[in-house]
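First up is the structure itself, then whatever we jot down about it.
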Amino acid sequence: MSSFFLRLPWQLALFIAGAAELKISPQKLSDTQWNHAGEFIRTPRNKAREILNEKNGYPEPKGQWTGEKGQKQQCDKVVEIVRLILNK
């Protein structure tokens, strides 16, 4: 199984958690916002770079919770990404 298919559920879960944190109703998303969300879920590094306008803006934890590139940082960054997608 490709790493793409293993990563997909994790990115989807992060996106849903970010939207829940911001109390976003799926019914209120535009088609454009859904498209941006789908792009982030499929290609998080590339879409995060575009949305955040940063070269290395999306942390990849590699099993760590804390630290500059830990899972906590990734979760916090997803909330920021969801917020920015919803402002598009």
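Numbering of the sequence shown is given in the numbering used here, commencing with residue 6 and proceeding in unit increments. Each residue gets a CB set at the ideal place from its N, CA and C atoms; glycine is no exception.
So residue i and residue j are supposed to be a Cβ contact under 8 Å. How far apart are they, rounded?
{"i": "residue 83", "j": "residue 23", "result": "4 Å"}
{"i": "residue 56", "j": "residue 89", "result": "5 Å"}
{"i": "residue 27", "j": "residue 46", "result": "Actually they do not touch by this definition, with Cβ atoms about 16 Å apart."}
Ends of the alpha helix (DSSP H) at residue i?
{"i": "residue 85", "result": "76-91"}
{"i": "residue 66", "result": "Neither: residue 66 is in no alpha helix (DSSP H) and is coded neither H nor E."}
{"i": "residue 40", "result": "36-47"}
Return the residue from the list the options that minimises the CA-CA distance to residue i.
{"i": "residue 50", "options": "79, 73, 26 and 72", "result": "79"}
Count the C-beta pairs between the segment 52-63 and the segment 25-39 that are closer than 8 Å, then say yes if the count reaches three, no if not.
no
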